[in-house]
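Protein chains in written order, with this note's numbering: chain A, 3 to 400; chain B, 18 to 96. Note sheet for the following structure.
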Amino acid sequence: MTKIIEITSVPLITSTGPETLPASSDMQTIGAALLTAALLLPGVVKAETPPEHASLSLKYLNYEEKQAGLKRITANSPSLSLTTPLGADWSLDATLTSDDVSGASPRYHTAISGASRMNDQRTAGDVAFTRYFPRASLTVGTAYSTEHDYESRALSATGNFSSEDKNTTWTVGLGGSHDRINPTNLIVKNETKKTISIMAGVTQILTAEDIAQLTLSHSRGEGYFSDPYKALDRRPRERNQTTLLARWNHHFLGTGGTGRFSYRYYSDTYDVKAHTLTAEYVQPFSQGWTITPSLRVYSQSAASFYFDPVYDAQLGAPFPPGYQFASTQPSSADQRLSGFGALTFGFKVSKQLTSDWTVDIKLENYEQRGNWRLFHKGSPGLAALKAQSIQLGISKQW
Amino acid sequence: MKVIVKKTTTMLLIASAALALSACGTIKPVQPWEKGNLAKTAMTFENDRLESRYGEHIYTSRESASGGAGVGGGGCGCN
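Here it is as structure tokens:
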């Protein structure tokens, strides 16, 4: 995903505040100086000026997931990210990622026997250019990724427009992607998947300590959505998705920390409805240390064509009761389309080493279960999925 | 018909929420010199791009819901 709004990391106004001004009892002079300093401060939302510094970040992710009796996927992913101003009116953002994924994946539900072994290398990159105007910016980006059986290309354009006082920013975006699928089992050949996405959002400064954002997105996709490596997986060739995302950040004056909260509502034409709540708290300490505990709560309903692990008396697993071989009805036994709830606990520690160098580490623990679903009933009979991840990062700005 | 009514209601709710958020007049405008805390990196909506990318990729691979914060991401096999 391309970022839609990024608030520039700017020198705090306090650093150009009264303490650096020549001593003066003339309050008017101080007021005027403060105002001048404030007007030099770039807008809080990145709509009108390029980033002040260039930065390069390197991160490494190790991700491992398992269910009872089966070690599933392991992924190792190094990533590189570059942000740099280009002259007075432009900036460039680019990322490069490589995923080395291996392990086992159940062919239906969470069945261990017959789980397919897999090993895949995914390489993904994207680049975006932003042009800045007074009170506005336009970002055009492209993304590409390749795996041995999957290739994806994407294009996007996002515009930001700020109000005169820079307290409100409106965002609109348009994106499209074109994917090509060539599974190794040759179940299909040269299949494609195309999506078009639109979004509109507003970011509003509510108080000197609160900023909120509301984003509405809609995407329409058509093509091959099935999982070629799963048994009896046949999904509708059209999938339209709608999301509403609300985010709110609050600065606590008492602790100097920041609370970051979000809620996302998701709905699609597979009849999946999902709710995602996130909360994290960023607490800075002396000598450049910062800790960030986080919590994520997720719940989704099952897709209309997902079937529970109850099998036909004659045919046995993985066939649902009354299964017709000639049928073209959609069906899936993919755990990701079942109804479940999930919890993630995270903890991040970062340390600013010098004014230019920062290192960080983040640990996360994820678990999903059918009976953790928050609304209605979860899908019964599936093994819980657990995952652990560790991220190591280092970044430099200049 | 029921679907259309439901969709229209949803859109209206969303539109009014968006309007409430931009809240012409109901929010006291924050002055430029009051924005010091808002300019802190932690107050931004995407302060660690690679961390966000990892999160999006992992959750897209394990859950049905995806997206919400922008446009332009490519797909993946993610089986």
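Glycine residues also receive a C-beta, built at the ideal position from the N, C-alpha and C atoms.
Between which two residues does the beta strand (DSSP E) harbouring residue i extend?
| i | result |
| --- | --- |
| A/Ser59 | Ser57 to Gln69 |
| A/Phe263 | Thr260 to Asp270 |
| A/Tyr300 | Trp291 to Gln302 |
| A/Lys275 | Lys275 to Pro286 |
| A/Lys388 | Leu387 to Gln399 |
| A/Thr346 | Phe342 to Gln354 |
| A/Pro322 | Per DSSP, A/Pro322 belongs to no beta strand (DSSP E) and is neither H nor E. |
| A/Asp167 | Per DSSP, A/Asp167 belongs to no beta strand (DSSP E) and is neither H nor E. |
| A/Ala248 | Glu240 to His253 |
| A/Pro185 | No beta strand (DSSP E) contains A/Pro185, which DSSP labels as neither H nor E. |
| B/Trp50 | First-last for B/Trp50: undefined, no H or E at that position. |
| A/Ala77 | Leu72 to Leu88 |
| B/Val88 | From DSSP, B/Val88 is part of no beta strand (DSSP E); its letter is neither H nor E. |
| A/Gln337 | Element bounds for A/Gln337: n/a, residue is neither H nor E. |
| A/Gln370 | Trp359 to Arg371 |
Does the Cβ of residue i have 16 or more other Cβ atoms within 10 Å, making it buried, or fewer, making it exposed?
| i | result |
| --- | --- |
| A/Leu365 | exposed |
| A/Gln2 | Because chain A spans 3 through 400 in this model, residue 2 of chain A falls outside it and cannot be assessed. |
| A/Asn187 | exposed |
| A/Ala25 | Bear in mind that a pLDDT of 39 at A/Ala25, under 50, signals an unreliable position, so the number given afterwards is only what the model happens to contain. Classification of A/Ala25: exposed, given that the 10 Å Cβ count is below 16. |
| A/Phe321 | buried |
| A/Leu297 | exposed |
| A/Leu355 | exposed |
| A/Gly261 | buried |
| A/Thr38 | Reliability fails at A/Thr38, whose pLDDT of 46 lies under 50, so the model's placement of it is uncertain and the value that follows must be treated cautiously. It is exposed - the Cβ of A/Thr38 has fewer than 16 other Cβ atoms within 10 Å. |
| A/Trp172 | buried |
| A/Ile114 | exposed |
| A/Val47 | The predicted position of A/Val47 is uncertain, since its pLDDT is 49 and thus under 50; no value can be drawn from it. |
| A/Ser288 | exposed |
| A/Ser397 | buried |
| A/Phe309 | buried |
| A/Leu43 | Because the pLDDT at A/Leu43 is just 43, under 50, the model does not fix this residue reliably, and the point stays unresolved. |
| A/Asn251 | buried |
| A/Leu23 | Caution is warranted here: a pLDDT of 35 is assigned to A/Leu23, below 50, making its placement in the model unreliable, and the coordinate value is therefore given only provisionally. It is exposed - the Cβ of A/Leu23 has fewer than 16 other Cβ atoms within 10 Å. |
| A/Gly395 | buried |
Can you tell me where the alpha helix (DSSP H) holding residue i begins and where it ends?
| i | result |
| --- | --- |
| B/Leu67 | Arg66 to Arg79 |
In terms of DSSP beta bridges, what is residue i paired with?
| i | result |
| --- | --- |
| A/Met120 | A/Gly105 |
| A/Ile198 | A/Gly178 and A/Arg222 |
| A/Val129 | A/Ala96 and A/Thr144 |
| A/Leu376 | Per DSSP, none; premise fails for A/Leu376. |
| A/Leu216 | A/Val204 and A/Ala248 |
| A/Glu149 | A/Tyr152 |
| A/Asp314 | A/Gly318 |
| A/Ala139 | The question names Ala, but residue 139 of chain A in the sequence shown is Ser. Partner(s): A/Tyr134 and A/Asn162. |
| A/Arg236 | A/Ser333 |
| A/Thr209 | A/Asp212 |
| A/Leu157 | A/Thr144 and A/Gly178 |
Taking C-alpha atoms, which residue in the options lies nearest to residue i?
| i | options | result |
| --- | --- | --- |
| A/Glu193 | A/Pro136, A/Arg239, A/Met201 and A/Val204 | A/Arg239 |
| A/Gly341 | A/His378, A/Trp92 and A/Ser296 | A/His378 |
| A/Ile75 | A/Ser118, A/Ser57, A/Thr86 and A/Ala90 | A/Ser118 |
| A/Ser326 | A/Tyr313, A/Gln337 and A/Asp336 | Per the sequence shown, residue 326 of chain A should be read as Gln rather than Ser. Measuring from the Cα of A/Gln326, the nearest candidate turns out to be A/Tyr313. |
| A/Val274 | A/Gln285, A/Ala304, A/Phe287 and A/Gly259 | A/Ala304 |
| A/Pro87 | A/Leu98, A/Ala138, A/Arg133 and A/Thr278 | A/Arg133 |
| A/Phe131 | A/Leu157, A/Tyr110 and A/Tyr152 | A/Leu157 |
| A/Gly71 | A/Glu153, A/Ile392, A/Thr125 and A/Leu384 | A/Leu384 |
| A/Ile1 | A/Thr244, A/Pro230, A/Ser164 and A/Asn184 | Limits of chain A in this structure are 3 at one end and 400 at the other, which puts residue 1 of chain A out of reach. |
| A/Thr205 | A/Ala248, A/Thr51 and A/Ser352 | A/Ala248 |
| A/Leu94 | A/Val299, A/Lys232, A/Lys350 and A/Asp128 | A/Asp128 |
| B/Gly91 | A/Arg155, A/Ile392 and A/Gly105 | A/Arg155 |
| A/Glu50 | A/Ser139, A/Asp122 and A/Leu58 | A/Ser139 |
| A/Ser79 | B/His74, B/Asn54 and B/Gly53 | B/His74 |
| A/Leu176 | A/Gly143, A/Pro185 and A/His111 | A/Gly143 |
| A/Gly203 | A/Thr209, A/Ala210, A/Asp310 and A/Ser219 | A/Ser219 |
| A/Ser329 | A/Pro136, A/Thr141 and A/Arg237 | A/Arg237 |
| A/Tyr265 | A/Thr280, A/Leu98, A/Gln302 and A/Pro108 | A/Thr280 |
| A/Ala56 | A/Leu84, A/Val174 and A/Gln69 | A/Leu84 |
Could you list the residues in the segment 108–126 of chain A with a C-beta less than 8 Å from some C-beta on chain E, going in chain order?
The chain labelled as chain E is not found among the protein chains of the depicted structure, namely A and B.
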